[in-house]
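J.:
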Amino acid sequence: MFSLPGYAIGDAWFAIDDGVAHCFFCTSPPPNADWHWDIGHAASRDLVHWEYVGLALERGPDEAWDSQTLSTGSVLQWNGRFWMAYSALRKNENPPTRKVHRVGLAVSDDLYTWTKDERNPVNERDPKHYERLGPVHKAYSQWRDPFLFTYADRIYQYVCARSKSHDRDRRGTIGLAVSQDMQTWQVKPPLQVDSMATELEVPQVYEIGGHYYLVFCASTQRLLPAFKRRFPGHQFRHANYSMVGDSPLGPFYMHGTGEILPADAPVQPYASRLVWWEDQWVMLGTVAGGNRFICDPIPVVATETGIHSQGTAWGAARGV
């Protein structure tokens, strides 16, 4: 488990190098942390005991594209270096373009020292395919939580986005951008995914055993009424979900509720990530509350119906 006294912790993402796990996470002193994130860094050799390293990235100056807040990202080792994609907001943008999420990159040779790309931001929403402003509860341009994935000599970036097609309540989707060199990005139409929420946050794609798994999270109030009606009596909550496909470009289909953790799991992390560690897949995420923390690893298994938890979090099971 990892917490940072005196600081709020938001979404986290991970990279593994030479037996060391690196955790990057949104962090800021309260109050109003959710709109003033920087990106923190911690390291571990067992995914349970973590050492805080410091800030990996900080918000830019007032005129910068990332001056208001940094947000959720991911790390990919590519071409001999480590690349971090992250989303951000700029201060003082005038309506109606206020609160426009864009994506930038930072690069590192060792996961400890990061340099922002001078070309930032490298991509943003294309109005041809993606909605300009979301619902009233989140009236800004959705293009956030970038996840980097390599396939067939290309780099794919998946983001939380809102499609221009479908009824307004069914526009929550996964946006897509593609590059061959990390410099020039082409924004593509959204993936085909089952409609179940107005936002599919923190999307990730993993290839496991010949299947491709779309992992994401959704809060209870964003779930579509039609989706919830399919499961009468079910205890819906802020949760992590998975869909299954035969290609990293979809289509992705949900089996059952798609929830990764059962409702009675002792911890309920959000915005969770899968990590391959000690020859098995585990899941880590941030647990909300007065003292937010990143949970101990939860073993998971990939089947034809999705990602499912399997067993107890390591900290409890191993007595550490």
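Each residue of the sequence shown is one higher than the one before, counting from 1 in the working numbering. Idealized CB from N, CA, C, for every residue including glycine. In this text the structure is predicted, and so the values were computed from the model without any measurement.
Figure out for me which residue from W13, G19 and N32 has the closest Cα to the Cα of A56.
T.: The residue labelled residue 56 in the question sits at position 56 within the sequence shown. Minimum Cα distance to A56 is reached at W13.
J.: Would you check whether the ligand SAM has a heavy atom nearer than 7 Å to the C-beta of Y158?
T.: As far as ligands go, the structure on display features none, and thus does not contain the ligand SAM.
J.: Compare the C-alpha of G245 against each of Q192, Y156, T257 and V282 and name the closest.
T.: As a working mapping, residue 245 is identified with position 245 in the sequence shown. With distances taken between Cα atoms, G245 lies closest to Q192.
J.: Looking only at DSSP bridge pairs, what is F216 linked to?
T.: On the sequence shown, residue 216 is found 216 positions in, with the first residue counted as 1. BP columns for F216 point to Y241.
J.: Can you give me the Cβ contacts of Y156 inside the same chain, cut-off strictly under 8 Å, excluding the 5 residues immediately before and after it?
T.: The count along the sequence shown starts at 1 and reaches residue 156 at position 156. Answer for Y156: L148, F149, T150, L176, A177, V178, V205, P248 and L249, listed in chain order.
J.: Which first and last residues belong to the alpha helix (DSSP H) in which P225 is found?
T.: Here the question's residue 225 lines up with position 225 in the sequence shown. Taken as a continuous stretch (DSSP letters only), the alpha helix (DSSP H) holding P225 covers P225 to R229.
J.: Three Cβ pairs or more, each shorter than 8 Å: is that satisfied between the region 50-70 and the region 260-269?
T.: Too few Cβ pairs lie closer than 8 Å, so no.
J.: With DSSP collapsed to three states, give me the class of Q192.
T.: Within the sequence shown, numbered from 1, the residue matching residue 192 stands at position 192. Q192: coil per DSSP, three-state reduction.
J.: Write down the C-beta distance between L111 and M182 rounded to the nearest angstrom, noting that I regard them as a contact closer than 8 Å.
T.: The residue you call residue 111 lines up with position 111 of the sequence shown. The residue you call residue 182 lines up with position 182 of the sequence shown. With 8 Å as the limit, L111 and M182 do not qualify as a contact, their Cβ atoms being about 17 Å apart.
J.: Once you ignore the five residues that flank S44 on each side, which residues in its own chain have a CB closer than 6 Å to its CB?
T.: Residue numbering aside, residue 44 sits at position 44 when the sequence shown is read from its first letter. Excluding sequence neighbours, S44 sits near A21 and W50.
J.: Between G19 and L284, what straight-line distance do the alpha-carbon atoms span, to the nearest angstrom?
T.: Looking up residue 19 in the sequence shown gives position 19. Looking up residue 284 in the sequence shown gives position 284. Their backbone Cα atoms lie some 17 Å apart in a straight line.
J.: Do C23 and I307 come within 8 Å of each other at the CB atom, strictly closer than that value?
T.: In the sequence shown, counting from the first residue as 1, residue 307 sits at position 307. In the sequence shown, counting from the first residue as 1, residue 23 sits at position 23. Not closer than 8 Å, so no.
J.: Once DSSP output is grouped into helix, strand and coil, what is the label at A21?
T.: Your numbering for residue 21 matches position 21 in the sequence shown. It is a strand residue.
J.: Mapping DSSP to helix, strand and coil, what is Q157?
T.: Within the sequence shown, numbered from 1, the residue matching residue 157 stands at position 157. Three-state result, Q157: strand.
J.: For a quick check, are the C-beta atoms of V107 and S141 less than 8 Å apart?
T.: As a working mapping, residue 107 is identified with position 107 in the sequence shown. As a working mapping, residue 141 is identified with position 141 in the sequence shown. Contact: no.
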